[in-house]
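*Asks:* Taking full-length UniProt numbering, the leading residue of the sequence shown gets 1, the next gets one more, and so forth. Ideal Cβ positions, reconstructed from N, Cα and C, are used throughout, including at glycine. Predicted, not measured: the structure shown is a model, and the values here were computed from it. The structure is given below, and queries will be raised subsequently.
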Amino acid sequence: MQGKLYANDLFPIGTIDHRISSSLAEHMGRSIYGGIYDPDNPLSDSEGFRKDVIKAVRELNVPMIRYPGGNFVSSYHWEDGIGPKKQRPQKVDLAWQSIESNQFGLDEFMKWTEKAHSSAMMAVNLGTRGIEDACNLLEYCNLDTNTYWANKRRENGHAAPYHIKTWCLGNEMDAPWQIGHKTAHEYGELVNETAKAMRSLDPQIETVVCGSSNEHTPIFGKWETEVLDECYDNVDYISMHQYYELPSKGTMHHIAKSIRMDRFINSVVALCDAVKATKKSSKSLNISFDEWNVWYHSNEHDKNIKPWQQAPHRLEDVYNFEDALLIGSSLITLLKHVDRVKIACFAQLVNVIAPILTTETGLIKQTIFYPLRDVAKYGYGETLQTSVQSPTYKAPEFGDVNYLDSVIIKNGEGAYTIFAVNRSETETMDLNVNINDNQTLHETSHQSYSCSNPDFKNTAEQSVTEEIVEDTNGITLKPFSWNVITFQA
Ligand code: AHR
Numbered sequence: 001m002q003g004k005l006y007a008n009d010l011f012p013i014g015t016i017d018h019r020i021s022s023s024l025a026e027h028m029g030r031s032i033y034g035g036i037y038d039p040d041n042p043l044s045d046s047e048g049f050r051k052d053v054i055k056a057v058r059e060l061n062v063p064m065i066r067y068p069g070g071n072f073v074s075s076y077h078w079e080d081g082i083g084p085k086k087q088r089p090q091k092v093d094l095a096w097q098s099i100e101s102n103q104f105g106l107d108e109f110m111k112w113t114e115k116a117h118s119s120a121m122m123a124v125n126l127g128t129r130g131i132e133d134a135c136n137l138l139e140y141c142n143l144d145t146n147t148y149w150a151n152k153r154r155e156n157g158h159a160a161p162y163h164i165k166t167w168c169l170g171n172e173m174d175a176p177w178q179i180g181h182k183t184a185h186e187y188g189e190l191v192n193e194t195a196k197a198m199r200s201l202d203p204q205i206e207t208v209v210c211g212s213s214n215e216h217t218p219i220f221g222k223w224e225t226e227v228l229d230e231c232y233d234n235v236d237y238i239s240m241h242q243y244y245e246l247p248s249k250g251t252m253h254h255i256a257k258s259i260r261m262d263r264f265i266n267s268v269v270a271l272c273d274a275v276k277a278t279k280k281s282s283k284s285l286n287i288s289f290d291e292w293n294v295w296y297h298s299n300e301h302d303k304n305i306k307p308w309q310q311a312p313h314r315l316e317d318v319y320n321f322e323d324a325l326l327i328g329s330s331l332i333t334l335l336k337h338v339d340r341v342k343i344a345c346f347a348q349l350v351n352v353i354a355p356i357l358t359t360e361t362g363l364i365k366q367t368i369f370y371p372l373r374d375v376a377k378y379g380y381g382e383t384l385q386t387s388v389q390s391p392t393y394k395a396p397e398f399g400d401v402n403y404l405d406s407v408i409i410k411n412g413e414g415a416y417t418i419f420a421v422n423r424s425e426t427e428t429m430d431l432n433v434n435i436n437d438n439q440t441l442h443e444t445s446h447q448s449y450s451c452s453n454p455d456f457k458n459t460a461e462q463s464v465t466e467e468i469v470e471d472t473n474g475i476t477l478k479p480f481s482w483n484v485i486t487f488q489a
């Protein structure tokens with residue numbers, strides 16, 4: 001099978017914001033407790049942070065991590081998690097019907113992100129709380145004033161402000177399951193006033209307003225326009241969330257679901273631009289795609305979780321190889337929308353629907369770890385408009401789907417990276433690349449991640465391994481493969 005790619009430096013889509021490789025660490029299941037923070041485990045450092053997890057997160061090169069939720073944030077009291085650990089109250093977490101010990105809180109998270117070479121994206125509770133609490137939290141984190149909450153931070157051993165830049169105003173506030181769910185009008189007004197108040201405390205921050213919790217809700221679209229009508233001028237990003245479900249229509253359908261992500265982004269951009277037009281605004285709103293992943297493997301197990309446990313095994317999806325191909329294609333899709341998608345958080349990071357799965361004695365890098373790591377490492381510079389020519393197959397929902405999914409990135413003068421998925425189960429693909437009208441380029445590396453069994457899962461005993469390909473007779477993509485190919489002029 002033959003595939004062709006065309007791109008030209010003259011036609012960039014936009015500059016890649018590294019924050020599209022961000023993630024989410026929510027207080028739920030074993031994401032924090034037993035994942036990031038495990039003080040009794042010999043694998044942890046003196047502050048209780050798992051050293052092997054820090055190492056794996058560094059390898060993933062995650063620029064920013066959204067915290068503390070997710071649904072959890074909508075009934076969370078952040079001040080329960082600061083100060084001397086012995087005095088912190090144990091509380092119920094309404095979102096996941098669990099027990100929250102509060103032994104890990106904001107200051108621990110900030111310390112941990114530093115160790116993991118990352119940074120924080122903070123979410124405020126607009127479910128059970130409002131403007132005043134959001135401002136208190138912002139004061140604690142970012143202000144250098146001689147005032148109550150800034151002084152509390154100093155008392156807790158953090159003299160310098162954290163200067164957290166990006167703030168999520170609530171989480172999935174359209175969703176019926178959200179604690180403190182609101183109508184679009186109520187939420188839009190609250191966001192507008194909260195953003196204004198927070199900006200008056202710290203004008204350097206940027207804010208994210210909640211878009212729909214997914215594209216299938218009955219009010220998708222209406223929610224975006226009504227909310228933005230209230231707060232357009234005072235927010236910088238709108239959030240998008242998307243989870244791919246069980247592959248009930250087979251592997252070839254599952255690995256094409258990134259087409260849904262593409263359509264969803266186009267719809268939200270159109271909705272934002274429609275509000276921009278009606279407001280006669282010169283500002284374009286960008287997208288924070290701050291939750292996305294495959295999520296279904298753990299559904300059956302999770303039906304049996306008893307309420308009011310501490311850090312139960314929840315949403316511990318074990319990913320297979322077809323999931324890795326879909327994650328690869330979704331990353332290609334995000335890269336193709338860098339003109340509007342400036343932030344994307346893979347949900348989540350550790351144990352809960354995550355690329356890193358811990359046990360008492362070590363961790364597993366799941367199949368989905370590798371495309372995430374590769375895009376964080378090689379996905380810098382500019383995305384070029386990439387014309388893809390490929391044989392197709394028929395898939396339910398999507399019609400004709402290209403076997404080849406790919407994008408060309410210009411990393412710098414004369415340096416390029418191609419990310420490519422060969423969706424064919426059986427056939428190799430010869431890839432013909434034409435950059436800048438057949439400029440002479442030398443392939444410097446070709447890394448291929450492939451597996452003939454779409455249901456293969458990485459375990460402590462065996463994993464799919466990457467392979468370095470020597471393309472002596474032109475570029476060849478193996479069947480069912482994720483590829484990273486670099487070139488130099
Ligand atoms: O990531 C798991 C959950 O999915 C988050 O808490 C919520 O925002 C979404 O519904």
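What separation, rounded to the nearest whole angstrom, lies between the Cα atoms of phenylalanine 480 and serine 258?
*Replies:* 15 Å
*Asks:* So if DSSP puts alanine 395 in a beta bridge, which residue, or which two residues, is it bridged to?
*Replies:* Note: alanine 395 is bridge-paired with Gly399 in the DSSP secondary-structure output.
*Asks:* Can you list, in chain order, the stretches of the beta strand (DSSP E) that have 3 or more residues and sit fully within the stretch 93-168?
*Replies:* Fully enclosed beta strand (DSSP E) runs of 3 or longer: 98-100 and 120-124.
*Asks:* Please confirm whether isoleucine 82 and valine 338 have their CB atoms less than 9 Å apart.
*Replies:* no
*Asks:* What alpha helix (DSSP H) runs, 4 residues minimum, are completely inside the stretch 169-252?
*Replies:* 184-201 and 222-231
*Asks:* For the structure I just gave you, are there three or more beta carbon pairs, one from the stretch 105-124 and one from the stretch 166-185, closer than 8 Å?
*Replies:* yes
*Asks:* Taking buried to mean at least 16 other C-beta atoms within 10 Å of its own C-beta, is tyrosine 37 buried or exposed?
*Replies:* buried
*Asks:* Leucine 384 and isoleucine 435 - do their beta-carbons sit closer together than 9 Å?
*Replies:* It is a contact, given that the beta carbons lie within the stated cut-off.
*Asks:* With H, G and I counted as helix, E and B as strand and the rest as coil, what does DSSP make of serine 258?
*Replies:* helix
*Asks:* CB-CB under 8 Å to serine 284, same chain, minus the five flanking residues each way: which ones, in chain order?
*Replies:* Cys272, Asp273, Lys276 and Arg340.
*Asks:* Counting only the same chain and skipping the five closest in sequence on each side, list residues whose C-beta sits under 6 Å from that of serine 445.
*Replies:* Once the five neighbours on either side are set aside, the close Cβ partners of serine 445 are Thr486.
*Asks:* Using only the alpha-carbon positions, how far apart do alanine 197 and isoleucine 131 sit?
*Replies:* Rounded to the nearest angstrom, the two C-alpha atoms are 7 Å apart.
*Asks:* With respect to 8 Å, is the separation between the Cβ of glutamate 360 and the closest non-hydrogen atom of ligand 1 below this value?
*Replies:* No, Cβ of glutamate 360 sits at least 8 Å from all heavy atoms of ligand 1.
*Asks:* Given the structure, does isoleucine 36 come close to ligand 1, in the sense that its CB is under 8 Å from one of the ligand's heavy atoms?
*Replies:* no
*Asks:* For leucine 190 and tyrosine 148, what's the separation of their Cα atoms in angstroms?
*Replies:* Note on geometry: alpha-carbon atoms of leucine 190 and tyrosine 148 lie some 24 Å from one another.
*Asks:* Does DSSP classify asparagine 320 as helix, strand or coil?
*Replies:* strand
*Asks:* Are valine 318 and glutamine 366 closer than 9 Å when you measure CB to CB?
*Replies:* Contact: yes.
*Asks:* Grab the span of the alpha helix (DSSP H) containing aspartate 374 for me, first residue to last.
*Replies:* Segment 369-378, the alpha helix (DSSP H) holding aspartate 374.
*Asks:* Going by beta-carbon coordinates alone, are tyrosine 378 and asparagine 411 separated by less than 9 Å?
*Replies:* yes
*Asks:* Entirely within the stretch 8-46 and at least 3 residues each: give me those beta strand (DSSP E) ranges in chain order.
*Replies:* 12-15 and 22-24
*Asks:* Return the first residue and the last residue of the beta strand (DSSP E) that aspartate 430 is part of.
*Replies:* 429-435
*Asks:* Return the CA-CA distance between leucine 138 and histidine 181, expressed in angstroms with no decimal places.
*Replies:* 22 Å
*Asks:* Rounded to whole angstroms, what's the CA-CA distance from serine 22 to asparagine 473? Just pull it up for me.
*Replies:* 37 Å
*Asks:* In terms of residues, what are the limits of the beta strand (DSSP E) holding aspartate 405?
*Replies:* In this chain, the beta strand (DSSP E) harbouring aspartate 405 covers 404-412.
*Asks:* By Cβ distance below 7 Å, which residues in the same chain neighbour aspartate 471 in space, the five residues on each side in sequence not counted?
*Replies:* Counting only Cβ-Cβ distances below 7 Å, and skipping sequence neighbours, we find Glu443 and His446.
*Asks:* Should methionine 261 be listed as close to ligand 1, given that the test is whether its C-beta is under 8 Å from any heavy atom?
*Replies:* no
*Asks:* Could you pull the DSSP bridge partners for glycine 3 from this structure?
*Replies:* Beta-bridge partners assigned by DSSP to glycine 3: Leu431.
*Asks:* Using a threshold of 8 Å, is the CB atom of alanine 175 nearer than that to any non-hydrogen atom of ligand 1?
*Replies:* yes
*Asks:* Going by alpha carbons, who is nearest to glycine 127 out of Asn136, Gly70 and Gln103?
*Replies:* Comparing Cα-Cα distances from glycine 127 to each of Asn136, Gly70 and Gln103, the minimum goes to Gly70.
*Asks:* Give every residue of the same chain whose Cβ lies closer than 8 Å to the Cβ of residue 541, excluding the five residues on either side of it in the sequence, and list them in chain order.
*Replies:* Because residue 541 is not part of the residues shown, which for the chain are 1 to 489, the question remains open.
*Asks:* Tell me whether serine 330 counts as near ligand 1, meaning its Cβ is closer than 8 Å to at least one heavy atom of that ligand.
*Replies:* no
*Asks:* Given threonine 426, which residues of its chain have a CB within under 7 Å of its CB, disregarding the five upstream and five downstream residues?
*Replies:* Pro479
*Asks:* Is there a Cβ from chain D that is less than 9 Å from the Cβ of alanine 95?
*Replies:* Protein chain content of the structure displayed is limited to a single chain, and chain D is not contained in it.
*Asks:* Would glutamate 100 be called buried (16 or more neighbouring beta carbons within 10 Å of its own) or exposed?
*Replies:* buried
*Asks:* Where does the unbroken alpha helix (DSSP H) through arginine 58 begin, and where does it stop?
*Replies:* 51-60
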